[in-house]
Amino acid sequence: MKILHTADWHLGRTFHGQPLLDDQQVVLDELIRVAKDARVDAVVMAGDVYDRALPPTEAVNLLDEVLQRLVRDVQVPVLLIAGNHDNPARLDFGRRLFETNRLYITGQPGAAVAPIRLEDAWGPVWFAPLPYCEPLLATELSGTRQHTHEEALRWQAGQMLARIPARERKVALSHAFVTGAAVTPESERTLAAGGAEQVSLSCYGAFDYAALGHLHARQHCGGKAAYSGSLMKYSFSEVHQKKGVILAELDKDGQVALEDVPLTAPRELDIVRGSFADLLATPDPAKVDNYLQVMLTDTEPVLDAKNRLEQVYHHVLQIQYGQLAPRPEETEEAGRRGKTDRELFEQFFRDVNGGDMSEKERQVLTATLEELAREGRNA
């Protein structure tokens, strides 16, 4: 069975004020072509369909169009789960009706969620939808305390595996943070504090393949699990990442072969560096139409830099300065850091009076500081 694995579309995302929906549509058009040309047996989408729980109408319409083209035109079953950005209940709307057309949506976890049975030439392949599930929700659903995301995931997986014949092929769809996987700064929303969000790869040990979502960098986790990565680059920290989908092919024994297939956005994310004058005078022709972060090396702020740079670079989304000279107030603040109250007051006295305190004045200051300290302890 050949499976197209994708995740983290984040439909409706806006990046530094730039709506990305038109770009997302272009990339999804390419994804549909890949599904058709590769003659896949299933498309699985491992969560974060939308960028936020209440997506804009245009994003909902785009999802509707994409799913219709995959299911009706390409005639391939589609399986989709909720991620931490999605509203599970809203995503579940109409799912029972959609199943009759081989569109399988699983938003909310729970006892009502069942494994999905598809077939190829060698027999059944079972898909276990494991939508994003907070430990508190898993506790409520299971009736037993689930302290971490791993405990919640193991409970979900156990519910699925209990309903799948042990010797038949099994694929998990999961939206989670696997321990040791590469994280993209600024891209993935933190799930929990203190490492409680992480799950071990062994949670998927009973499955022949785990199609993962949540982390935006495409990566293979051992031989039987992988993150497809996000649909597009959604952070300047992703500039050097390759985006696309994974084609996962299961043989009759459940052995999986993975192929990375690139997808190309209409505009790349990129970074340019240099002085304002140099960038304006000699723009890089390969980058003038990209979405840009501009790193200026000027030591002083440049007036109206964004609008002026957009005369040559058409999509400047962010400007940063690498080495601005500190402002006087910043220098003063830096000089105050790490000093005691006594040292600060003595410095203030010198600045105002042009000289140091007398011995008597120092004694008065000492008594005052001690009194303030006592009042602070007794407050």
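All you need for our numbering is the position in the sequence shown, starting with 1, plus 881.
Quick reminder that beta carbons are idealized off the backbone N, C-alpha and C, glycines included.
None of the values given here were measured: they were computed from a predicted structure.
- Inter-residue distance for D922 and L1011 is about 20 Å (C-alpha atoms, whole angstroms).
- In this structure the segment 884–891 lies against the segment 1084–1102, because at least three pairs of beta carbons, one per stretch, are closer than 8 Å.
- With contacts defined by Cβ atoms closer than 8 Å, L1190 and V1175 form a contacting pair.
- The beta carbon of F1157 is closer than 7 Å to those of L1177, D1179, V1183, A1186 in its chain, skipping five residues each way along the sequence.
- Around the C-beta of T987, 16 or more other C-beta atoms lie within 10 Å, and the residue is accordingly described as buried.
- For V1197, the CB contacts under 7 Å within the same chain, skipping 5 residues up- and downstream, are L1173, V1175, K1187, L1190, E1191 in chain order.
- Taking all protein chains shown into account, G1110 has 16 or more neighbouring C-beta atoms within 10 Å of its C-beta and is therefore buried.
- C-alpha of G1236 to C-alpha of E1252: approximately 25 Å in a straight line.
- By the 16-neighbour rule on beta-carbons within 10 angstroms, D945 is exposed.
- Between K1124 and H1097, the alpha-carbon positions lie close to 9 Å from each other.
- Closest option to D1141, judged by alpha-carbon separation, among Q1100, L1082, R914: Q1100.
- In chain order, L948, V952, V959 place their CB closer than 7 Å to the CB of L984, counting only its own chain and leaving out the 5 sequence neighbours on each side.
- As a beta-bridge residue in DSSP terms, R998 pairs with W1007.
- Look at I913 here: in three-state DSSP terms it is helix.
- Residue state for E980 is assigned as helix, using DSSP reduced to three classes.
- For P1143, the enclosing beta strand (DSSP E) begins and ends at 1137–1143.
- In the assembly as shown, Q1244 is an exposed residue. Its beta-carbon has fewer than 16 other beta-carbons within 10 Å.
- For W890 and I1127, the gap between their C-alpha atoms comes out near 14 Å.
- Straight across, the Cα-Cα distance linking L1139 with P996 is about 23 Å.
- G1086 counts as exposed, since fewer than 16 other beta carbons sit within 10 angstroms of its beta carbon.
- DSSP places R953 in the helix class (H, G or I) of the three-state scheme.
- Beyond the five residues adjoining it in sequence on each side, D932 comes within less than 7 Å, by CB distance, of H891, L892, G893, R894, H966 in the same chain, given in chain order.
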